[in-house]
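Numbering (the UniProt record's numbering), first residue to last: 1 to 282.
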C-alpha cells in the first residue's frame, strides 16, 4: 500500500480526521482511503491528535471549563450511571479520554484555596491509577487510558517502544546488507552529544547521492514534523557529518526534500536496497 502521499491526498485525509470523533477513527478512514496502510493512518491520526490536544489543553486550563466537566462527572457518579462516564464526556467535548481524565484528576486533588496539585503527583497517578484515592475516579481513569491510543502514558510508552523496534530493525537490515556502521550508543561513548541513529563507517551512495548517516523515525513525515526535526536534529547532523538519510517508516508527504534547499538529506520510507558501496568504486 502507498506510504508516500501526495499533498492533495494528505489534505483530504486531514480534513476527514478533523470531522470524525476521536475514538475508532482509523476504521472509518480505512474505508475512505483504502490505498493507505493501516500503520500510516494510525500514525497520522495520532500526530494530529497530539497537535489538537495542545490547543485543547488551553481550554482545560481555565477553572470554569474544568469545573463544569467535574460537576458533570460527580453528578453522574452520584446518579450511579454506568461506568465509562469520562469516556462519554470526552466524546461529547472533542477531547481525548486521557487528557480529560488528567483534568478531572487535577480538579479532584485541587486544594481548598484552588491551588492545583503538583504535576509530578498527577503524572504519577496517571501512570498508576491504583494510587488514586477515589475508587470510581481510579476506574474511570483506567478506562480512559485503555481506550486512548493517541494520548497519555500508555500511548507514549507504545510510541517509544515502536521507535526502538524500528531502530533495531534498521540495524538488522544494515547488518544483513553488510554495511559497517556505528549506532547511537557507540557515538555517545565517543563523546558526541547530538547523534543520528546510524553513522556509516564507510559512506554509501543512494540514487547518486553520498550518504554518511541514517536517522530512523517510526512515524509519518509531514512538513510540520519534518521542519521540527530539521531544526532540532537533522541540520546539526548535516553540519557535523555531511549528507544523510531520514527514514519515515510510516510514510511521508511527497516533495519534503525540497525544504532542504542546498543541504542534501534524502527521505525514504524504508532502507534503500540500491545502495552502492563507495569502496567498490575506489
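Yeah, the Cβ is synthetic: ideal placement off N, Cα and C, and Gly gets one too.
Item to check | Between the CA atoms of residue 126 and residue 17 - distance to the nearest angstrom | outcome: 26 Å
Checklist entry - Do residue 176 and residue 187 have their C-beta atoms within less than 8 Å of each other? => result no
Checklist entry - Rounded C-beta distance between residue 151 and residue 261? I'm assuming under 8 Å. => result Not really, about 35 Å apart at Cβ, beyond 8 Å.
Item to check | Per DSSP, the bridge partner or partners of residue 216 | outcome: 247
Checklist entry - With contact counted as at least three CB pairs below 8 Å, one residue from each stretch, are the region 211-226 and the region 154-174 in contact? => result yes
Item to check | Residues near residue 305 in its chain [Cβ-Cβ closer than 7 Å; skip 5 each side] | outcome: Because the chain spans 1 through 282 in this model, residue 305 falls outside it and cannot be assessed.
Item to check | Euclidean distance between Cα positions of residue 74 and residue 101 | outcome: 13 Å
Item to check | residue 253 to residue 119 span [Cα, whole Å] | outcome: 36 Å
Checklist entry - How many angstroms separate the CA atom of residue 245 from the CA atom of residue 266? => result Between residue 245 and residue 266, the C-alpha separation is close to 5 Å.
Next on the checklist: Only counting the same chain, and skipping five residues up and downstream in sequence, which positions put a Cβ closer than 7 Å to that of residue 89?
Outcome noted: 69, 72, 73, 100
Item to check | Neighbour-count burial assignment, residue 274, 16 or more Cβ in a 10 Å radius | outcome: When all chains shown are included, residue 274 counts as exposed.
Checklist entry - Would you report the Cα separation of residue 76 and residue 228, rounded to the nearest angstrom? => result 42 Å
Checklist entry - Nearest CA to the CA of residue 204: which residue from 110, 178, 232? => result Of the candidates 110, 178, 232, the one whose C-alpha sits nearest the C-alpha of residue 204 is 178.
Next on the checklist: Measuring only the C-alpha atoms, how far is residue 242 from residue 212?
Outcome noted: 6 Å
Checklist entry - So what does residue 183 bridge to, in DSSP terms? => result 198
Checklist entry - residue 269 and residue 237: beta carbons closer than 8 Å? => result In this structure, residue 237 does not lie closer than 8 Å to residue 269 by Cβ.
Checklist entry - For the candidate residues 5, 7, 48, whose alpha-carbon lies nearest to that of residue 20? => result Comparing C-alpha distances from residue 20 to each of 5, 7, 48 shows the shortest one belongs to 48.
Next on the checklist: As a quick exercise: from 63, 154, 92, 149, pick the residue whose alpha carbon is nearest that of residue 115.
Outcome noted: 63
Checklist entry - residue 234: buried (16+ other C-beta within 10 angstroms of its C-beta) or exposed? => result Classification of residue 234: buried, given that the 10 Å Cβ count is 16 or more.
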